[in-house]
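Chains A and B supply the protein sequences, listed in that same order.
Sequential numbering from 1 applies to the first sequence in this note's numbering.
Sequential numbering from 1 applies to the second sequence in this note's numbering.
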Amino acid sequence: MSAETLRSPDLSVTLSDGSAVPLKEFWKNRGLVLVFLRHFG
Amino acid sequence: MRRNRVRFEKAGANLLLVGMGTPGECSDFKNKFDVPFPMVSDPEKKLYQAFELKQMPPWKALSPALALKGISAVARGHGLGIPVGDVRQLPGVFVIDRKGSVAFSWPADDPSGHPSVEEILSAVDSLRRPAK
Chain A
1 MSAETLRSPD LSVTLSDGSA VPLKEFWKNR GLVLVFLRHF G
Chain B
1 MRRNRVRFEK AGANLLLVGM GTPGECSDFK NKFDVPFPMV SDPEKKLYQA
51 FELKQMPPWK ALSPALALKG ISAVARGHGL GIPVGDVRQL PGVFVIDRKG
101 SVAFSWPADD PSGHPSVEEI LSAVDSLRRP AK
């Protein structure tokens, strides 16, 4: 996904505590830095 | 990122990690590395796919250069373990503004690269500037 005109997908995400939260809850008030990791372990 | 938590907080953006583990595996990761940010569990890679992040070609996963980077990581104390997630999945960083638009996009082409903290903070700063 490139910047400029594209929008964040309207998805619900599952957090590490098992709760489901709409992704927009993280950007709607403050903006969001979303960091995708590689594999870990 | 963890070391720069205060700078991100001052810049005024939330920070969210996304990993390919189950909720339990992501929780263990957060505890192990004392990660102060929320973390998304995405074992099916739905969010990775929604942001169009690429997979590393198989020939690159077997390259000597990548093997050397792995050895270097072990030498720095990262240890060896069973990988959690798709080892070919490439990472990425995105900054999303308060309207849901992608203001900064950095999909990795290489597993070892990453944008600098300064680049990301500059993108976060731009969210606070009035629209032209």
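Beta carbons are placed, not taken as given, at the ideal position from N, Cα and C, and that holds for glycine.
Q. Does the distance from the C-beta atom of residue 51 (chain B) to that of residue 100 (chain B) stay below 8 Å?
A. no
Q.
With H, G and I counted as helix, E and B as strand and the rest as coil, what does DSSP make of residue 33 (chain B)?
A. coil
Q. In the DSSP assignment, what are the bridge partners of residue 106 (chain B)?
A. B:93
Q. Rounded C-beta distance between residue 54 (chain B) and residue 17 (chain B)? I'm assuming under 8 Å.
A. Actually they do not touch by this definition, with Cβ atoms about 19 Å apart.
Q. In this structure, does DSSP put residue 4 (chain B) in helix, strand or coil?
A. helix
Q | CA nearest to the CA of residue 40 (chain B), picked from B:75, B:49 and B:20 | A | B:20
Q | With 16 other Cβ atoms within 10 Å as the buried cut-off, status of residue 6 (chain B) | A | exposed
Q | Where the beta strand (DSSP E) through residue 15 (chain A) begins and ends | A | 12-15
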